[in-house]
Amino acid sequence: MLRFLQELIVFFYLLLDALLSLTSEVIITAFIKTARLNMLYAYMVRRGDSKSGEIFLRLNNLRGQSKIYSYRKANIQNYWEVYGSDTWQEDSLINDKIKKIISIDSDIWILELEDKKGRYPDF
458 MLRFLQELIV FFYLLLDALL SLTSEVIITA FIKTARLNML YAYMVRRGDS KSGEIFLRLN
518 NLRGQSKIYS YRKANIQNYW EVYGSDTWQE DSLINDKIKK IISIDSDIWI LELEDKKGRY
578 PDF
């Protein structure tokens, strides 16, 4: 039984390592395809570093308001973490936040997900 548990721990460690080593480009591609399979419109707004660029998602409710999320590879239960406020904010304010983020790190990726219902990106 102890041997089995040791092998199970090693398996999960290797699985976690594989998940954390996925490139940003692979994650972006998978997100866009998954959104489309869910009948949602997602697209890349800005291309970042293909291997390790941080990923931001703008969730747009198509009523002039948005939210920003950042992708966290290490958070297995929920990859998308709210960036800043969890409430809907005017698009002009979100645009300013995105410009500030880019001025700090020019290697970032920006995705946009358009959904009138404003559903959380839990896929």
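In our numbering, the protein residues as written are 458 to 580.
Every residue, glycine too, gets a C-beta built ideally from N, C-alpha and C.
If you draw a 10 Å sphere on the C-beta of K524, you find 16 or more other C-beta atoms in it, and that means buried. Looking only at D543, L497, D506 and Y498, the smallest Cα-Cα distance to I484 is reached by D506.
Under the three-state reduction of DSSP, S523 is assigned to strand.
In terms of Cα proximity to I551, the closest of E571, L516, K530 and K508 is L516.
When the Cα atoms are used, I512 and D548 turn out to be separated by approximately 19 Å.
Secondary structure note for A499: it is in no alpha helix (DSSP H), and the uninterrupted beta strand (DSSP E) holding it is Y498 to R503. With contacts defined as CB atoms closer than 8 Å, M501 and L570 fail to qualify as a contacting pair. Around the beta carbon of A487, fewer than 16 other beta carbons lie within 10 angstroms, which makes this residue exposed.
Contact annotation: W545 and Q522 have beta-carbon atoms nearer than 8 Å. A residue is called buried once 16 or more other Cβ atoms fall within 10 Å of its Cβ, and Y498, having fewer, is exposed.
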